[in-house]
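This note's numbering applies: residue 3 is where the sequence shown begins, and numbers increase by one.
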Amino acid sequence: MEQVSSEFLRGTLKTIVLKLLSEQNKMYGYQITQAVKERTRGELTLTFGALYPVLHKLEQEGLLINESVEVDGRLRKYYSLTDSGTQMAIQKISEFERFVDYMQQLFQTPPNLAYGN
Numbered sequence: 003m004e005q006v007s008s009e010f011l012r013g014t015l016k017t018i019v020l021k022l023l024s025e026q027n028k029m030y031g032y033q034i035t036q037a038v039k040e041r042t043r044g045e046l047t048l049t050f051g052a053l054y055p056v057l058h059k060l061e062q063e064g065l066l067i068n069e070s071v072e073v074d075g076r077l078r079k080y081y082s083l084t085d086s087g088t089q090m091a092i093q094k095i096s097e098f099e100r101f102v103d104y105m106q107q108l109f110q111t112p113p114n115l116a117y118g119n
């Protein structure tokens, strides 16, 4: 992944996790990393080193809960949104969509109109 993409990804990790969990009942870490990879056709890679601190922070904020389930003799930790997490997901997704709209407007505005020329 290019450095610029990493910078943008770091700034949107919370929103990405909330968005994915808002679409699924529950997910475990590997599922989240694979969903990001699949949806971006491999262009963005979410590492465990970046993901787990975000998951833990969201848990501390009361936005996520986790449930450990034994799968093939190993414990797998599934994450799901709390009611507060669902509300925060709606808010963060809306904020991000507005931000993307503003960036598109900014970059599509002809230079001579940008400064009142």
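Backbone N, C-alpha and C define an ideal beta-carbon position, used for all residues, glycine too.
For residue i, write down the residues that DSSP places opposite it in a beta bridge.
| i | result |
| --- | --- |
| Met29 | Tyr81 |
| Ser70 | Lys79 |
Name the residue from the options whose alpha carbon lies nearest to the alpha carbon of residue i.
| i | options | result |
| --- | --- | --- |
| Gly51 | Gly44, Ile34 and Arg41 | Ile34 |
| Leu66 | Glu72, Gly87 and Asp74 | Gly87 |
| Leu11 | Glu25, Val38, Ser24 and Tyr30 | Val38 |
| Glu9 | Ala91, Leu46 and Glu69 | Leu46 |
| Lys28 | Ser70, Gln106 and Asp74 | Ser70 |
So, residue i versus residue j, is the Cβ gap smaller than 9 Å?
| i | j | result |
| --- | --- | --- |
| Lys16 | Lys94 | yes |
| Tyr81 | Leu48 | no |
| Phe98 | Thr14 | yes |
| Gly31 | Leu53 | yes |
| Leu20 | Leu60 | yes |
Can you tell me which of the three DSSP states residue i falls into?
| i | result |
| --- | --- |
| Gly64 | coil |
| Thr49 | coil |
| Gly44 | coil |
| Pro55 | helix |
For residue i, which residues in the same chain have their Cβ closer than 8 Å to its Cβ, ignoring the five residues on either side in sequence?
| i | result |
| --- | --- |
| Leu22 | Met29, Ile34, Ala37 and Val38 |
| Thr2 | The shown model of the chain, from 3 to 119, leaves out residue 2, and the question about it has no answer. |
| Ile92 | Ser24 |
| Arg100 | none |
Using a Cβ-Cβ cut-off of 7 Å (strictly less than) and excluding sequence neighbours within five positions of residue i, which residues of its own chain qualify?
| i | result |
| --- | --- |
| Ile18 | Val38 |
Please work out which residues of its chain come closer than 6 Å, Cβ to Cβ, to residue i, disregarding the five sequence neighbours upstream and downstream, and give them in chain order.
| i | result |
| --- | --- |
| Met105 | none |
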